[in-house]
Amino acid sequence: MHEELVQIINGAVPEAKAQLNSAEIGDSSITVDSSAIYKVCETLKNNDKFNFNVLQVISGTDFLPEGEEGYLELAYILASFTKNHEVIIKTKLSRGSDDNLPKIDSLCKLWSAANWLERETYDMIGVDFVGHPDLRRILTSSNWEGHPLRRDYVVQEIFNGMVVNPPEKMNLEDQQFGVKTNADSLSNKNPMGI
Amino acid sequence: MTFDLSEEEKIESPQGSEENIKSEILTVNMGPQHPATHGVLRVEIKTDSEIVTEAISHIGYLHRCFEKHAENIDYRGVIPFVDRMDYVAAMNMEHGYVMAVEKLLGTEVPRRAEYIRVLVAELQRIASHLMFFGTYSIDLGAFTPFLYAFQEREFILRIFEELSGARLLYNYIWIGGVWNDITDGQLKRLSGFCDKMEREIDKYHNLVGLNKIFVERTARVGVMDEDLCYDYGLTGPILRGSGVKWDLRKDRPYSIYSEFDFDIPVGTGEHGVLGDCWDRYWVRMREMLESIKIIRQVLEGIEAGPVMGKVSKIIKPPKSEIYLRTECPRGELGYYLIADGGKVPYRVKVKSSCFTHVSVLSAVAPGLMIADLVATIGSIDIVLGEVDR
Amino acid sequence: MSTMTPPLTFKSYFSNIWTAVRTVFKGLTITTRYIWAEKPVTIEYPEVREVLPENSRSRLYNDVENCIACNQCATACPVDCIYIASNRRDKEAPKIKTKDGTPIRLDLTQYVIDTSLCCYCGLCTVVCPTECLTHTTDYEFSQYTLDSMKYDYLEDDIRAWRDRIVK
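Residue numbers (my numbering), protein chains in the order written: chain A, 55 to 248; chain B, 12 to 400; chain C, 38 to 204.
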């Protein structure tokens, strides 16, 4: 199935440069160029034989090997409920920076489901979807900083005037396995309530 | 600002003539602490008198960073976290995740374990749909059915407690099999439960589903047609309520579902139009009957044997990725798992059905009465734990 | 949506009323049966206490005399709520063994479980090689402060608690 899809994509959208990543274990996927993602999805959606009519997932993964620049990988998982198929379309993006997020075309015109999925990806991974009608954060607060699922993400220290993860609530002392330093806090007079 | 209310609705509005009374658009926040939103969902409603012109859902109040957590815990440790996504149907959540990891590892699961997995998954489906039945009745103003539903649900939870040791968050289905074996006594009790449950469902349907007040509240309300479902990626009972015969257990069989004989109930538009709230309710009620059918077959066919396959102590799948979907009570749940060959998963992305289901609210809501919006939210049966993850 | 309602005719008006009366009456007969035909299913909690099934996963208990401080439970814990500290046992000290015969090479100096963080998943009890860490069926252990949810299993009164719970 995948070889045929690659041919279909390359026939209709030559600039996509679709490639097949066949896997022995797990699922195979198709990598396309990020600039052609809209056309690729449009082709797959309108293809009569496969008819990928449902957008299931937009998932972003941050690949950041040590000492390298790394890249973001977006996976668009499409499914056909009429013809019973499923395909993973992947595309690579540069990681960009906080004020210059990597850009990719939005799929909102193809599927309404893309609206929230793209908002989630923007929130968690930090990808700017060009043409999205309402690109706001969805799971975190609107004034949250950073994109949590990035590998180099550091939690902000102060949020809305509150200290994030205050040390006195984190049981930090306990986690330093070693000498029994926290004896006082532990030997509660009546720990078992008897 | 423009609001696209159709002409008929304007005439229907209680004010009568539009010229005399100037109505104002009012913004009402429903939630995040609201009994009818099933958790911490906030729906910002712009209303023109009683009619909703726009509904914007705000989520994220229950975000517990599951996907970030999963990057730091080993494969076994993720299972308790997976439970906490859809805490009403935790067994189904586990089932999907565990199968994804097993596929990467190439583990063979003993037959008995597969049977038990199907058994608990279907029991959980019944429990979850009973929960829907109860809470939906509460949404529509009937309290009694809730207690009836919990009575039967209690039996299932008790069985689960005896099996796994917990009532809600089981950590029962493990990589390679299941934790505990099921005893003959429990199987016997379950077969008695099946007979009772069939009668009970009939009773519930007579009590609530056929009631004229209930029908009036749900029929022709919140209609979602097939195209809308595909557009928004709606799955599960909502898709089936819209008349699409699609069930992963039949169409893309996983586990040992291909060996069982059951039907896929679809909506018929019996009391109103196809794809309304009543259809979704009716699909769920009949799904319970189908689940009982499967449980009966499990009880007949269950084989003796071990319940745990051979799994190494440290789980290290090879560098690979997988996307696996399972049919959960609320819709399709997909796990997109990327393994990099280490002890911890590199990325676990969850395709949550509730997440996509909430997004459809803004498309369905315009033109509904506020009370009908409550009925619609109830009928898509969301669990906020799965929406926010 | 009200616009989709079929037009109200003389016939449907009365048939609506009839259906309403009929279905409401049907529902009422079902609920009325519960007055005498069904047994109560609830229990009155403080007076009647439910006995949990044997393998119910409730408060953790560690039998420190059998613990070899292997740290496996702390590693398996997905929420990191088990805090263990130990010293190497002196060579001159008398050799002791656990109940199942495993020699104890480390002296436990601290074994604390923060029950307020515990998610009762049971992963720690499974990996325990000497089966000293177990779940009990005690579910009544509310406390006033978070600090008192930290249970130090080296304390003396733990055994008393254990004896009270487990018959």
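Glycine included, C-beta positions come from ideal geometry on N, C-alpha and C.
_Give me the subset of the region 153–170 of chain A whose CB atoms are less than 7 angstroms from a CB atom of chain B, sorted by chain position._
Shown in chain order are the members of the region 153–170 of chain A whose Cβ falls below 7 angstroms from a Cβ of chain B: W165, S166, A167, N169 and W170.
*Which residue's Cα is closest to the Cα of Y215 (chain B): B:S266, B:F171, B:D192 and B:Y147?*
Between Y215 (chain B) and the set B:S266, B:F171, B:D192 and B:Y147, the nearest pair of CA atoms involves B:Y147.
*Using a C-beta cutoff of 8 angstroms, does P340 (chain B) count as contacting chain C?*
Residue-level contact by beta carbon fails for P340 (chain B) and chain C, as no gap is shorter than 8 angstroms.
*So what does DSSP say about H216 (chain B), is it helix, strand or coil?*
Three-state result, H216 (chain B): helix.
_Member of B:I391, B:A47 and B:H80 whose CA lies at the smallest distance from the CA of L203 (chain A)_ = The residue among B:I391, B:A47 and B:H80 with its C-alpha nearest the C-alpha of L203 (chain A) is B:H80.
*Looking only at its own chain, which residues have a Cβ that is under 7 angstroms from the Cβ of G145 (chain B), when we skip the five neighbours before and after it?*
Counting only residues of its own chain and dropping the five nearest sequence neighbours on each side, G145 (chain B) has a CB closer than 7 angstroms to the CB of P156, F157, A160 and F161.
*DSSP state of R87 (chain B), grouped into three classes?*
Three-state result, R87 (chain B): coil.
*asked:* I'd like to confirm the pairing. Which residues does DSSP put opposite K157 (chain A) in its beta bridges?
replied: According to DSSP, which records beta bridges pairwise, K157 (chain A) is partnered with A:D182.
*asked:* Going by DSSP, what residue range makes up the alpha helix (DSSP H) through I143 (chain A)?
replied: I143 (chain A) -> not in any alpha helix (DSSP H); beta strand (DSSP E) instead, spanning H139 to L147.
*Report buried or exposed for T182 (chain C), applying the criterion of at least 16 other Cβ atoms within 10 angstroms of its Cβ.*
A residue is called buried once 16 or more other Cβ atoms fall within 10 Å of its Cβ, and T182 (chain C), having fewer, is exposed.
*Anything in the region 199–225 of chain B with a Cβ closer than 8 angstroms to a Cβ of chain C? List those residues in chain order, please.*
K214, N217, L218, V219, L221, N222, K223 and I224: these are the residues of the region 199–225 of chain B whose beta carbon lies less than 8 angstroms from some beta carbon of chain C, given in chain order.
*Would you report the Cα separation of Y125 (chain A) and L155 (chain A), rounded to the nearest angstrom?*
The straight-line gap from Cα to Cα measures roughly 12 angstroms.
*According to the neighbour-count rule (16 or more other Cβ atoms, all chains shown, within 10 Å of its Cβ), is Y82 (chain C) buried or exposed?*
Of the other Cβ atoms in all chains shown, fewer than 16 fall within 10 Å of the Cβ of Y82 (chain C); this residue is therefore exposed.
*Could you spell out where the alpha helix (DSSP H) holding S144 (chain B) opens and where it closes?*
Residue identity check: residue 144 (chain B) is Phe in the sequence provided, not Ser. Unbroken alpha helix (DSSP H) run through F144 (chain B): R122 to D150.
*Would you say I381 (chain B) reaches chain C, if we count a Cβ-Cβ gap shorter than 8 angstroms as a contact?*
Not one chain C Cβ lies under 8 angstroms of I381 (chain B).
*Exposure label - G65 (chain A); buried when at least 16 CB within 10 Å*: Looking at its Cβ environment, which holds fewer than 16 other Cβ atoms inside 10 Å, G65 (chain A) is exposed.
*Neighbouring residues, chain B, relative to Q6 (chain A) (Cβ below 7 angstroms)*: Residue 6 (chain A) is absent from the model: chain A starts at 55 and stops at 248.
*Give a yes or no on whether the C-beta atoms belonging to A66 (chain B) and S373 (chain B) are separated by under 8 angstroms.*
Yes, they are a contact pair.
*What residues of chain B sit near T68 (chain C), judged by a beta carbon separation below 8 angstroms?*
Counting only Cβ-Cβ distances below 8 angstroms, T68 (chain C) has contacts in chain B at T155 and L218, in chain order.
*Name the DSSP bridge partner or partners of V481 (chain B)?*
There is simply no residue 481 (chain B) to check, as chain B begins at 12 and stops at 400 in what is shown.
_Give me the residue from B:L52, B:Q308 and B:I36 with the minimum Cα distance to G389 (chain B)._
Per the Cα distances, B:L52.
*Quick one: is L151 (chain B) buried, meaning 16 or more other Cβ sit within 10 Å of its Cβ, or exposed?*
Buried, since its Cβ has 16 or more Cβ neighbours within 10 Å.
_Output needed for L115 (chain B): all residues of its chain with C-beta closer than 8 angstroms, excluding positions within five of it in sequence on either side, in chain order._
Non-local C-beta neighbours of L115 (chain B) in its own chain, meaning closer than 8 angstroms and more than five positions away in sequence, comprise P328, P329, S331, I333, L348 and A350, ordered along the chain.
*Determine which residues share a DSSP beta bridge with H74 (chain B) and list them.*
Partner(s): none; H74 (chain B) has no beta bridge.
*asked:* Does I131 (chain A) come out as helix, strand or coil in the three-state DSSP assignment?
replied: In the three-state scheme derived from DSSP, where H, G and I count as helix and E and B as strand, I131 (chain A) is classed as strand.
_Can you confirm whether N99 (chain C), when its beta carbon is compared against all beta carbons of chain B, has any partner nearer than 8 angstroms?_
No - not a single Cβ of chain B is within 8 angstroms of the one on N99 (chain C).
*Endpoints, the alpha helix (DSSP H) within which S373 (chain B) is located*: Its alpha helix (DSSP H) spans residues L372 to V375.
*Mind listing the chain B neighbours of R94 (chain C)? Cutoff is C-beta to C-beta under 8 angstroms, in chain order.*
What R94 (chain C) touches in chain B: S175, G176 and A177.
_Given 8 angstroms, three or more beta-carbon pairs between the region 240–247 of chain B and the region 360–368 of chain B_ = The region 240–247 of chain B, when compared against the region 360–368 of chain B, does touch it at the 8 angstroms Cβ threshold.
*Per DSSP, V111 (chain A) is paired with what?*
V111 (chain A) is bridged to A:I131.
*Given G80 (chain A), which residues of its chain have a CB within under 7 angstroms of its CB, disregarding the five upstream and five downstream residues?*
The answer is none, since no qualifying residue turns up.
*Alpha carbon to alpha carbon, how far is D182 (chain A) from A70 (chain A)?*
Here the alpha carbon of D182 (chain A) sits roughly 20 angstroms from the alpha carbon of A70 (chain A).
*Between K146 (chain A) and the rest of its own chain, which residues show a CB-CB distance below 6 angstroms, the 5 nearest in sequence each way excluded?*
Beyond the five residues adjoining it in sequence on each side, K146 (chain A) comes within less than 6 angstroms, by CB distance, of Y125 and E127 in the same chain, given in chain order.
*Note down, in chain order, every chain A residue with its Cβ under 9 angstroms from the Cβ of S253 (chain B).*
Within chain A, no residue comes near S253 (chain B); the closest Cβ sits about 11 angstroms away, beyond 9 angstroms.
*asked:* Cβ closer than 8 angstroms: which chain C residues qualify as neighbours of E119 (chain B)?
replied: Residues of chain C passing the Cβ test: none, with the nearest at roughly 21 angstroms.
_Stretch pair the region 158–168 of chain C + the region 99–111 of chain C: three plus CB contacts closer than 8 angstroms_ = The answer is yes - the region 99–111 of chain C touches the region 158–168 of chain C, with three or more Cβ pairs under 8 angstroms.
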